[in-house]
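Protein sequences, first through last, are from chains A and B.
For the first sequence, numbering that gives the first Met the number 0 assigns the number 0 to the initial residue and increments by one for each residue that follows.
For the second sequence, numbering that gives the first Met the number 0 assigns the number 0 to the initial residue and increments by one for each residue that follows.
There are 2 protein chains.
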Amino acid sequence: MGIRTPFAERFSLTYPILLAPMGGIAGGRLAAAVSNAGGLGLVGGGYGDLEWLEAELALAREGTRRPWGVGVITWHAGIEAVKLALRFRPDVFFLSFGDPRPFAALIKDAGCALICQVQDVDAAQQAKAAGADVIVAQGTEAGGHGAVRAALPLVPSVADAVAPTPVLAAGGISEGRGLAAALMLGAQGAVVGTRFYACQESLGHPSAKRRIVGADGGDTVRTHMFDVVRGYAWPAPFTGRALRNRFTARWAGRDDELARSLDEERPRYQAAAAAGDFETAVVWAGEGVDLIADVPSAAEIVQRIGREAERRLGMASGLIV
Amino acid sequence: MGIRTPFAERFSLTYPILLAPMGGIAGGRLAAAVSNAGGLGLVGGGYGDLEWLEAELALAREGTRRPWGVGVITWHAGIEAVKLALRFRPDVFFLSFGDPRPFAALIKDAGCALICQVQDVDAAQQAKAAGADVIVAQGTEAGGHGAVRAALPLVPSVADAVAPTPVLAAGGISEGRGLAAALMLGAQGAVVGTRFYACQESLGHPSAKRRIVGADGGDTVRTHMFDVVRGYAWPAPFTGRALRNRFTARWAGRDDELARSLDEERPRYQAAAAAGDFETAVVWAGEGVDLIADVPSAAEIVQRIGREAERRLGMASGLIV
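This is how it looks when you write it as structure tokens:
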């Protein structure tokens, strides 16, 4: 079985499911596991730490013979990170959060497909103009960084704006119903993040995975505060969606005060993060946490999402009188 | 042709499309037109103005022989409004924004189906306990009042939480792709608001309809300010999504200051509203405005949404290998 879209065919996928390149969470072992299961696994290069990237890219490269890829945070990652990643010959390069133009030619000249993730229709048109082979329309329900528009109306708007460039949906998709819905919206596949955070191969802390399993969709919030305390100067319009904890309760609406208290708060935060204390440290998570109840293998997740989507799609024509 | 779900069958609908009971916009003529076209038309009773309700309910009652209904803002509408509406023998009663229990027995004892709209999973469970026959999961992308959770992850979560009670999806659905996606998410139909605001039979001001046609999804914002200036004390967690205009730009982040300036600002706002000046007055609208490009008849909208959804659903099984 499998689900066929032009995007899935291009990369020989059984199911058009992309592992979101979650920085520091989606390592090479997870990326390879998703690709081996028939999805498309991406290493999450995040802010572009070269040492981490090199080790994880090597794991992905060695871990799979199927197409795989890498993603970075566009506004922060340097050209060295992009060049390093390209040396491992990924099949796709995923740029999100910022202007893709400084890296687009380098990536495409290396024979690598360019996937640009966007949060609104204007950015989608800019990504297309920059040469994106695939555009991801990311809704506000997504975990981690993102912006304000919701996926259900955004995906068809982006699909119309950039046709015939293929579009994928991201945001709040953690099971087969979401993938089937994304395909009905005109997407050729779905990007899945939080669901893979809580899987065996993810580099997430075991306590963070347990928190995702225990959370519901109302337990997440979009905020600047984890960027403020960590010292990342994210540009507008991006904020990050995370699980609520004591830290978000304490600093709610007080980003400015937090910024003035960094001498004290940053060391405290860093100590908490190192200790796995997620009442202070961040667990990025999307609104799809409602639908996450266990910590299975990545392959199990790909199969579950794919088969449930198949089942829903198979019933669809039966709804027509 | 048509789309069949248990909800559609119960009310003999050609397409499982509900007209959102937009207060003051969804009058009796629009409700009847939607029902006559094979959807389910609802009069938008809003805050419960008895004179307006009586006139519009009469128009709906006279305008269609098919099932139709009425909706009110639960926390504000009085028992008199509910009793008045029931005298017109609607087939469905739509309660949104507040505790349905004060009205549930009255509505159900009248032989009228109770539809409760909710914005999170807890409220869905409360609505089920209150006797709701159908539950609407409304996403944050919806126009008008609502809350923070996005539809794509919320709809399946609500469907799981209240099964086997039927669930409908609301928020950002203005065409057939959205309806098809809603059905894949486990909903039995979709509630459509903004798309019907910009139709011929709607009671919206012609300039407001033109603004919806001209807007894109990034032009909307969730805000308290129109409630503050009009003097409606909406309870948490509800805000309203509206088109951005000079008023929203002027008062952004300054709800408290607006509340202190009402002696001057309320008369100014009321004059603007009376004059159809929508740089000051509110146009409630959802993120689906991207996909709205004209002001057709209600019947044309029902047909377009229904047929496009049929087309998408009909192609779905072809995606399976």
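In this text, a Cβ means the ideal position worked out from N, Cα and C, and glycines have one as well.
All figures in this text were calculated on a predicted structure; none of them were measured in a lab.
So VAL161 (chain A) and GLN137 (chain A) are supposed to be a Cβ contact under 8 Å. How far apart are they, rounded?
What you label residue 161 (chain A) is simply residue 162 of the first sequence in a count that begins at 1. What you label residue 137 (chain A) is simply residue 138 of the first sequence in a count that begins at 1. 14 Å between Cβ atoms; not a contact.
Are ILE172 (chain A) and GLY287 (chain A) closer than 8 Å when you measure CB to CB?
Taking the first sequence and counting its residues from 1, the one referred to as residue 172 (chain A) is at position 173. Taking the first sequence and counting its residues from 1, the one referred to as residue 287 (chain A) is at position 288. Yes, Cβ-Cβ distance for ILE172 (chain A) and GLY287 (chain A) is below 8 Å.
Are ILE72 (chain A) and VAL91 (chain A) close, meaning C-beta to C-beta below 8 Å?
Stepping through the first sequence from its first residue, residue 72 (chain A) is reached at position 73. Stepping through the first sequence from its first residue, residue 91 (chain A) is reached at position 92. No; because the gap between Cβ atoms is not below 8 Å, this pair is not in contact.
Locate the alpha helix (DSSP H) running through ARG28 (chain B), then write down its first and last residues.
As a working mapping, residue 28 (chain B) is identified with position 29 in the second sequence. Unbroken alpha helix (DSSP H) run through ARG28 (chain B): 27 to 35.
Restricting to Cα atoms, I'd like to know which of B:LEU49, B:TYR14, B:ASP218, B:ILE291 is closest to ARG243 (chain B).
Taking the first residue of the second sequence as position 1, residue 243 (chain B) is located at position 244. The shortest Cα separation from ARG243 (chain B) among B:LEU49, B:TYR14, B:ASP218, B:ILE291 belongs to B:ASP218.
Measure from the alpha carbon of ALA149 (chain B) to the alpha carbon of each residue in B:ILE134, B:ASP132, B:ALA168, then state which is nearest.
The count along the second sequence starts at 1 and reaches residue 149 (chain B) at position 150. Nearest option by C-alpha distance: B:ALA168.
Note down the Cα distance separating GLU53 (chain A) from LEU83 (chain A), rounded to an integer number of angstroms.
Stepping through the first sequence from its first residue, residue 53 (chain A) is reached at position 54. Stepping through the first sequence from its first residue, residue 83 (chain A) is reached at position 84. Answer to the nearest angstrom: the Cα atoms are 7 Å apart.
In angstroms, rounded to a whole number, what distance separates the CA positions of TYR145 (chain A) and GLY239 (chain A)?
In the first sequence, the residue the question calls residue 145 (chain A) occupies position 146. In the first sequence, the residue the question calls residue 239 (chain A) occupies position 240. At residue 145 (chain A) the sequence reads Gly, which differs from the Tyr that was named. Approximately 6 Å, taken between the alpha carbons.
Spell out a yes or no on whether the segment 124 to 135 of chain B and the segment 187 to 198 of chain A are touching, meaning 3 or more CB-CB pairs, one atom from each, closer than 8 Å.
The answer is no - the segment 187 to 198 of chain A does not touch the segment 124 to 135 of chain B, with fewer than three Cβ pairs under 8 Å.
Any beta-carbon of chain B closer than 8 Å to the one on VAL135 (chain A)?
Translated into the one-based positions of the first sequence, residue 135 (chain A) becomes position 136. Not an interface residue.
By alpha-carbon positions, which one of B:ALA59, B:ASP226, B:ARG176 ends up nearest to GLU200 (chain B)?
As a first step, residue 200 (chain B) is located in the second sequence; it is residue number 201 there, counting from the start. Ranking the options by Cα distance to GLU200 (chain B), first place goes to B:ALA59.
When you compare the CB of PRO155 (chain A) with every CB in chain B, is at least one pair closer than 8 Å?
Reading the first sequence from its first residue, position 156 is the one you call residue 155 (chain A). For PRO155 (chain A), the answer is yes, since a Cβ of chain B falls inside 8 Å of its Cβ.
Which residues in chain B have a C-beta closer than 7 Å to the C-beta of THR368 (chain A)? List them in chain order.
Absent from the model: residue 368 (chain A). The displayed extent of chain A is 0 to 320, so no value can be given.
Which same chain residues end up closer than 7 Å to ARG176 (chain A) when comparing Cβ atoms and leaving out the 5 residues on each side of it in sequence?
In the first sequence, residue 176 (chain A) corresponds to position 177, counting from 1. The residues are GLU307, ARG311.
Cα separation between LEU189 (chain A) and ILE211 (chain A)?
If you number the first sequence from 1, residue 189 (chain A) lands on position 190. If you number the first sequence from 1, residue 211 (chain A) lands on position 212. It is Ala, not Leu, that sits at residue 189 (chain A) in the sequence shown. Answer to the nearest angstrom: the Cα atoms are 20 Å apart.
Taking a cut of 8 Å between CB atoms, which residues from the segment 93 to 126 of chain A lie near chain B?
The residues in question are ASP119, VAL120, ASP121.
Exposed or buried, GLU278 (chain B), counting other C-beta atoms within 10 Å across all chains shown (16 or more means buried)?
As a first step, residue 278 (chain B) is located in the second sequence; it is residue number 279 there, counting from the start. Counting Cβ neighbours within 10 Å, GLU278 (chain B) comes out exposed, since fewer than 16 surround it.
Which residue wins for smallest C-alpha separation from ALA179 (chain A), given the options B:PRO155, B:PRO165, B:LEU202?
One-based indexing of the first sequence puts residue 179 (chain A) at position 180. When only C-alpha atoms are compared, the closest one is B:PRO155.
Suppose you measure from the CA of ALA103 (chain B) to the CA of GLY110 (chain B); what does that come to, to the nearest Å?
For this step, residue 103 (chain B) is matched to residue 104 along the second sequence. For this step, residue 110 (chain B) is matched to residue 111 along the second sequence. The straight-line gap from Cα to Cα measures roughly 11 Å.
With respect to the beta strand (DSSP E) encompassing ARG259 (chain A), which residues constitute its N-terminal and C-terminal limits?
Counted from its first residue, the first sequence places residue 259 (chain A) at position 260. Premise fails: ARG259 (chain A) lies in the alpha helix (DSSP H), 254 to 259, not in any beta strand (DSSP E).
Quick check on DSSP: helix, strand or coil for THR238 (chain A)?
Residue 238 (chain A) sits at position 239 when you count from the first residue of the first sequence. Residue state, collapsed to three classes: strand.
Whole beta strand (DSSP E) runs in the segment 50 to 100 of chain B with 3 or more residues, listed along the chain?
List check, beta strand (DSSP E) in window: 67 to 72, 91 to 95.
Spell out whether any CB of chain B is found under 8 Å from the CB atom of GLY321 (chain A).
Because chain A is modelled from 0 through 320, residue 321 (chain A) falls outside the range shown and cannot be assessed.
In or out: ASP119 (chain B) buried (at least 16 other Cβ within 10 Å) or exposed?
Position 120 of the second sequence, counted from the first residue, corresponds to residue 119 (chain B). Its Cβ being crowded by 16 or more others within 10 Å, ASP119 (chain B) is buried.
Would you mind reading off the limits of the alpha helix (DSSP H) that contains VAL228 (chain A)?
Taking the first residue of the first sequence as 1, we reach residue 228 (chain A) at position 229. Note, VAL228 (chain A): alpha helix (DSSP H), 224 to 229.
How many angstroms separate the CA atom of ILE16 (chain B) from the CA atom of ARG209 (chain B)?
Within the second sequence, the letter at position 17 stands for residue 16 (chain B). Within the second sequence, the letter at position 210 stands for residue 209 (chain B). Using only the alpha carbons, I get a separation of about 23 Å.
Quick check: is the beta carbon of ASP90 (chain A) nearer than 8 Å to any beta carbon in chain B?
Position 91 of the first sequence, counted from the first residue, corresponds to residue 90 (chain A). No, its Cβ sits nowhere closer than 8 Å to a Cβ of chain B.
Nearest chain B C-beta to THR139 (chain A) closer than 8 Å, yes or no?
For the purposes of this step, residue 139 (chain A) is taken as residue 140 along the first sequence, with counting starting at 1. Yes, contact with chain B.
Measuring CA to CA, which of A:ARG88, A:GLY47, A:LYS107, A:ASP293 is closest to ALA57 (chain A)?
What you label residue 57 (chain A) is simply residue 58 of the first sequence in a count that begins at 1. When each option's Cα is compared against that of ALA57 (chain A), the closest is A:ARG88.
For a contact defined as C-beta to C-beta under 7 Å, what are the partners of ALA274 (chain A) on chain B?
Start at 1 with the first residue of the first sequence, and residue 274 (chain A) comes out as number 275. Going along chain B, no residue has its Cβ under 7 Å from ALA274 (chain A), so there is no contact; the nearest lies around 31 Å.
PRO205 (chain A) to LEU94 (chain A), Cα distance in whole Å?
Here the question's residue 205 (chain A) lines up with position 206 in the first sequence. Here the question's residue 94 (chain A) lines up with position 95 in the first sequence. Rounded to the nearest angstrom, the two C-alpha atoms are 28 Å apart.
Please classify ILE78 (chain B): is it buried, with 16 or more other beta-carbons within 10 angstroms of its beta-carbon, or exposed?
Residue numbering aside, residue 78 (chain B) sits at position 79 when the second sequence is read from its first letter. The residue is exposed, with fewer than 16 neighbouring Cβ atoms inside 10 Å.
Give the range of the beta strand (DSSP E) segment to which LEU17 (chain B) is assigned.
Here the question's residue 17 (chain B) lines up with position 18 in the second sequence. Run containing LEU17 (chain B): 16 to 18, per the beta strand (DSSP E) assignment.
Between which two residues does the alpha helix (DSSP H) harbouring GLN116 (chain A) extend?
Indexing the first sequence from 1 puts residue 116 (chain A) at position 117. Note, GLN116 (chain A): premise wrong, no alpha helix (DSSP H); beta strand (DSSP E) at 112 to 117.
Under a three-way DSSP split, which group does ILE2 (chain A) fall into?
For the purposes of this step, residue 2 (chain A) is taken as the residue at position 3 of the first sequence. Strand.
Does DSSP classify VAL133 (chain A) as helix, strand or coil?
One-based indexing of the first sequence puts residue 133 (chain A) at position 134. It is a strand residue.
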